[in-house]
Amino acid sequence: MKPLSCYLFTKFKFNQSQSIIYYTFVFIFVLAASSAPTPLYNLYQSQIGFSTIMLTLIFAVYSFSLLLTLLIAGALSDYIGRKPVIFIAILLLSLSMILFLFANTVSELLVARALQGLATGLATSSICASIIDINKVLGAKINSFSPMIGMAAGMMISCSVISLTLAPIRDVFIVLIAILALILGLFVFTTETGERKYGAISSLKPTVSIPVAAREKFLTISPINIALWMLSGFYLSLMPSLLSSVFINPSVWVSGSAFLLLTISASVAIVILKKVSYINAMLFGITFISSGMLLILSGANTSSANSLFLGSLLAGIGFGLSFMGVMSCLFSNINHAEKGQLISIFYIESYLAFSMPVLIMSLLMNQFGINLMQATNAYGAILMTLLLISFYFIFKHKMRYSKRKSNLSPNT
1 MKPLSCYLFT KFKFNQSQSI IYYTFVFIFV LAASSAPTPL YNLYQSQIGF
51 STIMLTLIFA VYSFSLLLTL LIAGALSDYI GRKPVIFIAI LLLSLSMILF
101 LFANTVSELL VARALQGLAT GLATSSICAS IIDINKVLGA KINSFSPMIG
151 MAAGMMISCS VISLTLAPIR DVFIVLIAIL ALILGLFVFT TETGERKYGA
201 ISSLKPTVSI PVAAREKFLT ISPINIALWM LSGFYLSLMP SLLSSVFINP
251 SVWVSGSAFL LLTISASVAI VILKKVSYIN AMLFGITFIS SGMLLILSGA
301 NTSSANSLFL GSLLAGIGFG LSFMGVMSCL FSNINHAEKG QLISIFYIES
351 YLAFSMPVLI MSLLMNQFGI NLMQATNAYG AILMTLLLIS FYFIFKHKMR
401 YSKRKSNLSP NT
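Residue numbering for the sequence shown follows full-length UniProt numbering, beginning at 1 and increasing consecutively.
Here's what the structure looks like:
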């Protein structure tokens with residue numbers, strides 16, 4: 001008789017429901033791991049000793065490593081299958097966590113963050129595609145709330161460990177490495193959801209190409225998608241400083257609380273309002289984000305914590321609705337063979353919007369003496385302008401969609 005372990009590894013495989021649960025968990029964890037180092041940077045800064053400019057560089061290295069990976073290998077899973085790419089991503093992420101654990105110099109931090117960007121880029125495109133392979137409609141919903149839950153979970157893990165232990169840097173990454181070990185152990189039970197085809201090597205040539213069938217929708221959702229990721233960048237860069245200026249000696253929980261409120265309210269909005277049409281979700285979302293941003297700007301200029309938190313709640317609801325609408329609009333009717341390519345282009349745009357405005361604002365603050373309030377107001381003005389443009393694009397799309405629908409209806 002074959003031993004039970006042999007039977008499990010060779011015969012037992014996840015069914016579709018189990019596969020979706022597993023891949024959703026992995027996707028959430030990958031995003032959690034990406035945000036977990038953020039609350040630790042102040043500890044690294046005091047321990048190793050580096051400037052604010054270097055801190056910005058560490059942030060930039062992750063973003064550009066991720067973008068480069070999406071640009072070069074974003075469509076790789078369309079050719080060699082989802083499983084090999086996901087497996088490599090998990091291994092690279094494990095290595096980056098080990099490097100973080102033992103990092104004692106700035107160069108080691110840069111290498112760890114760059115490697116994490118590489119792993120996240122590979123994981124994002126392939127895992128999103130796997131989930132959509134299994135169920136298009138549910139997959140679009142899962143891919144819309146998973147990043148927010150993941151980033152919130154990463155912040156919560158780090159804040160909890162910082163509050164409870166004497167060696168937070170060590171303990172945060174021990175927890176993350178332990179979870180990665182579990183993920184790797186369960187990986188053997190997954191099945192391939194994609195299709196293999198020739199052209200893997202040629203697909204590694206850096207290209208930015210939107211599948212023809214998705215171009216109109218991609219252009220429609222681009223302004224709101226850029227605004228959403230700019231909003232995320234704002235919460236991970238300027239918002240902690242705003243809260244620090246309002247509270248006296250704020251704890252690590254206070255610094256991350258607004259971002260947690262944003263992501264949790266976004267996730268709840270997606271779950272409760274999941275049946276709203278993608279067009280209305282984006283239009284309602286823009287309204288909520290605009291209201292939230294006005295309150296946030298008011299709170300920033302009057303040092304009102306209540307306005308900052310209420311604005312974060314409203315912006316979070318809008319974020320969730322808008323992102324759900326974006327994902328449903330873009331990925332509802334995409335060709336199976338083009339999923340990886342479209343997802344990679346989508347996240348290239350997303351992470352550029354997430355990182356570039358923050359980096360530019362940080363450089364302006366460091367090089368030209370722009371203060372926190374001026375930076376916040378400028379960032380908010382750009383964001384509000386983008387939201388106005390987004391409303392126009394989506395409303396125009398709604399009119400086109402209604403006209404096509406009426407033309408297809410039989411005459412009565």
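Each residue gets a CB set at the ideal place from its N, CA and C atoms; glycine is no exception. A quick note: this is a predicted structure, and the numbers were derived from the prediction, not measured.
Query                                                                                                                                                                      : Result
Within the same chain, show all residues whose beta-carbon is closer than 7 Å to that of Lys217, passing over the 5 residues directly before and after it, in chain order. : Cys329, Leu330
Using a Cβ-Cβ cutoff of less than 8 Å, which residues in the same chain neighbour Val271 once the five nearest sequence positions on both sides are dropped?               : Phe145
For Ala33, does the count of other Cβ atoms within 10 angstroms reach 16, so buried, or fall short, so exposed?                                                            : buried
Would you mind stating whether Ser312 and Leu262 have Cβ atoms separated by less than 8 Å?                                                                                 : yes
Under 8 Å Cβ to Cβ from Ile348, same chain only, skipping five residues before and after it: list those, please.                                                           : Leu67, Leu70, Leu71, Gly74, Val208
Taking only runs that begin and end inside the segment 196-274, name each unbroken alpha helix (DSSP H) of 4 or more residues, in chain order.                             : 200-203, 215-237, 239-246, 252-272
Report yes or no: do three or more beta-carbon pairs, one from the segment 76-89 and one from the segment 176-195, lie closer than 8 Å?                                    : yes
Any C-beta of chain C sitting closer than 8 Å to the C-beta of Phe331?                                                                                                     : Looking at the structure shown, chain C is missing, and only one protein chain is on hand.
Return the residue from the list Met282, Ser304, Lys339 that minimises the CA-CA distance to Gly316.                                                                       : Met282
Assign Gly340 to one of three DSSP states: helix, strand, or coil.                                                                                                         : helix
Taking its Cβ as the centre, do 16 or more other Cβ atoms sit within 10 Å of Met399, making it buried, or is it exposed?                                                   : exposed
By the DSSP assignment, the alpha helix (DSSP H) with Val276 in it spans what residues?                                                                                    : Neither: Val276 is in no alpha helix (DSSP H) and is coded neither H nor E.
Tell me the residue span of the alpha helix (DSSP H) that contains Leu91.                                                                                                  : 82-102
Can you check whether the CB of Ser65 is closer than 8 Å to the CB of Ala114?                                                                                              : yes
Within the continuous alpha helix (DSSP H) that includes Ser125, where are the two ends?                                                                                   : 106-134
Excluding sequence positions up to five away, which residues of its chain have a Cβ less than 6 Å from the Cβ of Ile279?                                                   : Lys398
Would Leu308 and Val246 qualify as a contact pair, given that the criterion is a beta-carbon distance under 8 Å?                                                           : yes
To the nearest angstrom, how far is it from the Cα of Ile201 to the Cα of Phe288?                                                                                          : 45 Å
Could you check what DSSP says for residue 417 in three-state terms: helix, strand or coil?                                                                                : A query on residue 417 cannot be resolved here, the shown segment of the chain reaching from 1 to 412 and no further.
With DSSP collapsed to three states, give me the class of Pro37.                                                                                                           : coil
If I follow the unbroken alpha helix (DSSP H) through Ile370, where does it start and stop?                                                                                : Note, Ile370: premise wrong, no alpha helix (DSSP H); not H, not E.
For Phe12 and Phe187, I'd like the C-alpha separation in whole angstroms.                                                                                                  : 12 Å
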